[in-house]
Amino acid sequence: MTDVLAAGSPGTAPAPPQAPTPDEVLAALDPEQRAAATSLDGPLCILAGAGTGKTRAITHRIAYAVLSGRWQAQTVLAVTFTTRAAGEMRTRLRELGVTGVQARTFHSAALRQARYFWPQVYHSELPPIVSSKLRFVAEAAARCRVPADLAGRRDLAGEIEWAKVSNVRPDDYPTLAAKAGRQLAGYDAATVSHVFAAYEEIRRDRGQIDLEDVLLCAVALLADAPKVAAAIRSQYRHFVVDEYQDVSPVQQTLLDLWLGDRSDVCVVGDASQTIYSFAGASPSYLLDFTRRHQDATVVRLERDYRSTPQVVKVANGLLAGARGEASRHRLTLRAQRPDGPPPVFTEYADEVEEADAVARAVQRLASRGTPLREIAVLFRVNAQSEAFEQALAERGVRYLVRGAERFFDRPEVREAIVLLRGSVRAAETSGAGLVADVHAVLAATGWTPEPPTGSGAVRERWESLVALASLAADLAKERPDADLATFVALVEERVAAQHAPAADGVTLATLHAAKGLEWDAVFLTGIHEGTVPITYAETPDQVEEERRLLYVGVTRAREHLSISWSRSRTPGGRGRRSPSRFLSAVRPKGGAASDAGSAGTAGERGGRKATTRSVARCRSCGQPLHDASERKVGRCAECPATYDEAMFERLRGWRLEQAQEQRVPAYCVFTDATLIAIAEARPSAQSELAVIPGVGATKLARYADAVLAICGGDALDEAADPDS
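In the numbering used here, the protein residues as written are 563 to 1286.
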């Protein structure tokens, strides 16, 4: 039978390099990895800790089986959970001289099979996939008269996804959600059930399916059409499932149907990295694998090649107190790298101080040679990002916020790739080299090498395009003769593998978004009770998942690790917060902070607590200022303004001109609060302007002359009388 997945797929690759011998494949592995690679018969369970080389083990296992003649590449189906991971698997196999193996996500494999077989069974094309689930959820909520802002729509969409991958129908949702301990803030179970039912009705009326339906369609084909099941089982005889701790009930059902009565399956996972139970993932399939397959071979990978012994000690310490089902298969990592700097644990007075200290530490690391792209600031929820964005921006440090959207799916990236292809076809080159040519193409989209002054969508768009520019610069260094056509070919290859380029900026990301990534230096921030574990983690299982989430964060660090928290949210607030309970077993005894010294991290010297920032008070009434905008202007919102309104209006007019010229929102130049603070202070020198909150180094360099001119009396008088 023709390979139903291979045609036109990323699995079809250029000719591989000279293939190694089977013995050479095995020679590159440690003893445990080699044991996994040579276990080719029957069920295999690889328990792989963070940084232990699981991808190396499974790709070398496949390569060894194919190159030794035990397997045919076309009969292997390897599935994982992200397109990036699947692309990396294909790339590594190609480097080992093996092509033809299908390495895909569960959804991609299911979609390929459903599109191929659906017309044969149901005599119609597979329905199109919903382009915007949130739009359908919004329509469903409106139909049910349920108020839902953007955050609410996302929460409802997430709950619908959980229900569908868990085989929960709308009518059964209230009962089964209660049994599973599901609680959605702002919505009771009956309301979710009604919105879920309306969503399904709208989707059916439009004749569309969502990604969860793709899995269900593949399951239906295999379960209801024996010929389809026989064809797929004939095609695929060897299965590999990566990140097995994250499978959902529907995905496990699909895997069982692929296998039939066979047991030639290798699963790879780590129960201590199960962090997606809210999306339907369950570690029970990994934990119970040897019960279902009593003849299974089990291999434990515990040699950590990623992190220093100091980081590994913290990771192991976190799991030492783990409880519950997932702790049954806890792995104890053994560091293989040389010693590194000690992890730093620091307490701050408030979130503003914490963000500022982290930004300073990032600058120190960068000044000592750590590339910005090798530094990450991680937090529990997206809302924590803003303080770090502002602190980094004020110090002129480039950063990027990592979201859920795939890099090559972003509109600005797609537009840039179209323009790059067009330039290659038209042979448009400047003669100044690859970097200049790429910059010229990106400039057509409105991009400039200098970062925008604001945040939000404008910043994210710039980050995407600067990543492409950085990729061109890297290629030019590696291959000085590379031209635009070479660059476009590289981009096309990365699109196929979903291998996004990394811009030279600090990564800001949630702990969930950091899964599967690693950096030289990692700052884990906001690690206090109420955030880690999150307040709505009420059951023992939910609390344990929060512990695992922190473990995932710790194991992202190769060398430098900083963990911090703050006593209060705002300066002057009551310091009621306490560090996360999970830190009690791993923090140094006798102090809240430890020296970061050479690591350039955020701790204070000598193991002292971070100094407490003085409380900002209103210049008029003397009361503490808690709101960020109040702190900027130096007075309470209730107290009368003391600034020159004419100067403020002149500053606003200048800001509007700057915003229009740069094509950014006005607040990206300066916020109203910062303009008011400037008008209040009437600075006459750069040193006076520099101390005003909201005026960082980048904005000072860009705008100081104009702002000081406006603040000068003569400049104001001249501006007021255009004929003078």
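Where is the CB? At the ideal position from N, CA and C, for every residue including glycine.
Closest to residue i by C-alpha separation, out of the options, would be which residue?
i	options	result
F737	L954, G748 and S755	Checking the sequence, you will find Thr at residue 737 rather than Phe. Of the listed residues, the one whose Cα sits closest to T737 is S755.
A1239	S985, L927, G1256 and G995	G1256
K836	L696, S1032 and L609	Sequence inspection shows Thr at residue 836; the Lys mentioned does not correspond to that position. Checked all of L696, S1032 and L609; the closest Cα to T836 is L609.
A713	A945, G769, E974 and I937	A945
H825	A1243, R799, E1106 and R983	This sequence places Ser at residue 825; His is not what is there. The candidate whose alpha carbon is nearest that of S825 is R799.
L895	D866, F907 and L1270	D866
C706	A760, G611 and R1264	A760
T815	A625, A672 and R1056	A672
R1212	A1241, I764, F698 and Q1222	A1241
F679	A793, R976 and A1208	A793
W724	P709, L746 and A703	L746
T859	V986, V1148, V906 and P605	P605
I764	G748, F698 and S810	F698
L1052	Y1113, D832, V986 and W1127	V986
A1208	L1037, V1020 and I1272	I1272
F851	E864, V830 and R868	V830
Bridge partners of residue i, per DSSP?
i	result
V830	I608
D1141	Before going on, a small fix: residue 1141 reads as Pro here, not Asp. According to DSSP, which records beta bridges pairwise, P1141 is partnered with H1090.
W1081	A1119
A938	T1069 and V1084
V802	A640 and C828
L538	The structure shown does not extend to residue 538, since the chain is modelled only from 563 through 1286, so no value can be given for it.
Y749	L746
W1127	E909
I1096	G1092 and T1093
I1272	Answer is none; I1272 lacks a bridge partner.
I771	I691
To the nearest angstrom, how far is it from the Cα of residue i to the Cα of residue j?
i	j	result
T932	D1082	8 Å
G1115	S1246	46 Å
E1040	A751	56 Å
R1118	I1089	16 Å
S839	D808	8 Å
C607	R854	12 Å
L1033	E1054	13 Å
Q580	E657	9 Å
G1078	T1087	19 Å
R1217	T1233	9 Å
R674	Q797	14 Å
T1069	L962	5 Å
Q856	C828	14 Å
G1274	S1249	15 Å
A597	L849	20 Å
D585	R623	12 Å
L1270	I1254	13 Å
T574	P689	In this prediction, T574 has a pLDDT of 42, which is less than 50 and means its spatial position is unreliable; what the coordinates show is noted afterwards. If I take the Cα positions, the gap works out to 26 Å.
S1176	A938	Note that S1176 scores a pLDDT of 46, beneath 50, so its modelled location is shaky; the value from the coordinates is reported in the next line. Cα to Cα, S1176 sits roughly 28 Å from A938.
Y735	E1106	25 Å
A1268	V1057	44 Å
V1094	A921	22 Å
I1096	K695	27 Å
S1140	S728	36 Å
R957	A923	11 Å
H1122	G902	8 Å
L784	L817	10 Å
F941	L996	37 Å
A704	I722	16 Å
Just checking residue i against the ligand MN - is the residue's beta carbon closer than 7 Å to any of the ligand's heavy atoms?
i	result
G613	In terms of ligand content, the structure shown is empty, and the ligand MN therefore cannot be addressed.
Would you say the segment 580-600 touches the segment 777-789, given that touching needs at least three Cβ pairs under 8 Å? Short answer: they don't touch.
Pair every Cβ in the segment 868-886 with every Cβ in the segment 845-857, then say whether three or more of these pairs are closer than 8 Å. Short answer: they don't touch.
Inter-stretch contact at 8 Å, needing at least 3 Cβ pairs: the segment 921-940 / the segment 879-893: By the Cβ criterion, the segment 921-940 is not in contact with the segment 879-893, since fewer than three pairs of Cβ atoms, one from each stretch, lie closer than 8 Å.
Where in the segment 593-667 do unbroken runs of the alpha helix (DSSP H), each at least 4 residues long, occur, reported from the N-terminal end onward? The qualifying runs are 593-599, 616-629 and 645-657.
Does the structure place the segment 663-671 close enough to the segment 638-646 that three or more beta carbon pairs sit under 8 Å? The segment 638-646 is in contact with the segment 663-671.
Unbroken stretches of the alpha helix (DSSP H), 4 residues or longer, contained in the segment 677-741: Taken in chain order, the complete alpha helix (DSSP H) segments of 4 or more residues contained in the segment 677-741 are 695-705, 712-727 and 735-741.
Any contact between the segment 950-959 and the segment 996-1003? By contact I mean 3 or more CB pairs, one from each, below 8 Å. Counting Cβ pairs under 8 Å, fewer than three are found: no touch.
Would the segment 1124-1135 count as touching the segment 909-916 if we require 3 or more Cβ pairs under 8 Å? Judged by Cβ distances under 8 Å, the segment 1124-1135 makes contact with the segment 909-916, as three or more pairs qualify.
If we require 3 or more residues per run, which beta strand (DSSP E) segments fall completely within the segment 839-922? Unbroken beta strand (DSSP E) stretches of 3 residues or longer found wholly inside the segment 839-922: 859-863 and 906-912, given in chain order.
Beta strand (DSSP E) runs wholly inside the segment 985-1037, at least 3 long, in chain order: DSSP runs (the beta strand (DSSP E)) wholly in the segment 985-1037: none.
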